[in-house]
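One structure below.
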Amino acid sequence: MNEKPIFILGSHKSGTSLLRNLFDGHSELWTNPIETHFFKHFGSWVDYEYHMRKPEQYSNCEIKDKLIEVIKKINQRDNPLSDSQAKGLFDLERFYLKINDITEQNTKKELIKIYLNAIHYSIYGSELNPNHRIVHKAVGLAEFAMELHQLFPNAKFVHIVRNPYSNIVSFRRFFTSGGTYPLLNRMISSMRNNYYFLYKNRDLIPNYYIIRYEDLVQNFDKEIKKLCDFLDIKLEDTLFQPTSAGKVWKGNSTTNQKFKGINSSHLNVWKEKIHPIEVHYMNNNFNHVLRDFGYETFNTQKTKFLPAPKESIIRYLYNRLYMVFNRFYDN
């Protein structure tokens, strides 16, 4: 595996999938088409809300079994809103062949290399090309960026940031797809984790690039050129058509619409979709993000006690009572 991987970081529904799939097919890169969440399966303490885990002590054999189960599940999953739309993508026999290279003597870095090579081999039937840099993205990965930097000192990091108001709307629509309005504290916690480590990492890690989602879709040619310069890769035509494992990417929009190309027409749709309680929590928790990344503060005349569509009575009470425990972030 090449020693100069590229890690894409960001919150749920912030544009990480789009960014990753732009790199798919580039002649100098191999883009991992799925989220693998190494550290969760390695037994690390994970704070990111939707992958939260207490630290555990696993043998490498146990880790191998967990990685096998992950690939088996992804290979069966069929969810159009999922980041990893990979049903039937993997040849499991080929994956087993390479993942069995894991021994108890392997270091964490070696485990990552073996895992990624097994994924590549299962898809293409060939080993990773040592001249191809790996592109790997996972939501919640920002809290492990320092550890990744220690493991891969020549790695480069790209952290994508999206307007918090727009982000919470897309986030909520994703979790409302099951039919009920979600618990806001979990979304807020995961966004807070992402922003916290964004601020930490940019000061501590060299080669840490921050890009706004809005800039990417509004000024694509300019931003993709800057990104290529930072990553030290050629500007190729493949960058203008996102794909996943070589196939045209259909997108994972919460509107259920297929991806038809990069455009900025949807950027302000959140203003029509955001609920007063969401405005309250974004302003209360992330006013510094709005300020530091050039987003205008949004206010509404509607009361935050107005129920949101599909919000059950129990969830209404939970989401409003959370304001009491969220006062630490009051302005």
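Numbering (the numbering used here), first residue to last: 501 to 831.
Heads up, the beta-carbon is just placed ideally off N, CA and C, and yes, glycines get one too.
Predicted, not measured: the structure shown is a model, and the values here were computed from it.
{"Item": "Validate contact between the region 697 to 704 and the region 734 to 753 using beta carbons, cut 8 Å, 3 pairs", "Value": "no"}
{"Item": "Inter-residue spacing [alpha-carbon to alpha-carbon] between Thr755 and Ile710", "Value": "Because Thr755 carries a pLDDT of 49, less than 50, the predicted location of this residue cannot be relied on, and the following value inherits that uncertainty. Looking at the two C-alpha atoms, the distance is approximately 26 Å."}
{"Item": "Burial state of Phe805, where buried means 16 or more other Cβ atoms lie within 10 Å", "Value": "exposed"}
{"Item": "Lys572 classed as buried or exposed, judged by whether at least 16 other C-beta atoms fall within 10 angstroms", "Value": "exposed"}
{"Item": "Residue environment, Thr516, which counts as buried when at least 16 other CB atoms sit within 10 Å", "Value": "buried"}
{"Item": "For Lys747, the residue or residues it bridges with in DSSP", "Value": "Ser744"}
{"Item": "Local Cβ density within 10 Å of Tyr548, reported as buried at 16 or more and exposed below that", "Value": "buried"}
{"Item": "Reduced DSSP category for Arg657 - H, G, I as helix; E, B as strand; rest coil", "Value": "The sequence shown places Phe at residue 657, not Arg. Reduced to three states, the DSSP call for Phe657 is strand."}
{"Item": "Three CB pairs or more closer than 8 Å across the region 675 to 690 and the region 525 to 534", "Value": "no"}
{"Item": "Alpha helix (DSSP H) segments (min. 4 residues) lying fully within the region 513 to 547", "Value": "516 to 522 and 538 to 542"}
{"Item": "Three-state secondary structure assigned by DSSP to Lys637", "Value": "strand"}
{"Item": "Where Lys513 falls, given that 16 or more other Cβ within 10 Å makes a residue buried", "Value": "buried"}
{"Item": "Exposed unless 16 or more other CB atoms sit within 10 angstroms - verdict on Ile813", "Value": "exposed"}
{"Item": "Neighbour-count burial assignment, Gln557, 16 or more Cβ in a 10 Å radius", "Value": "exposed"}
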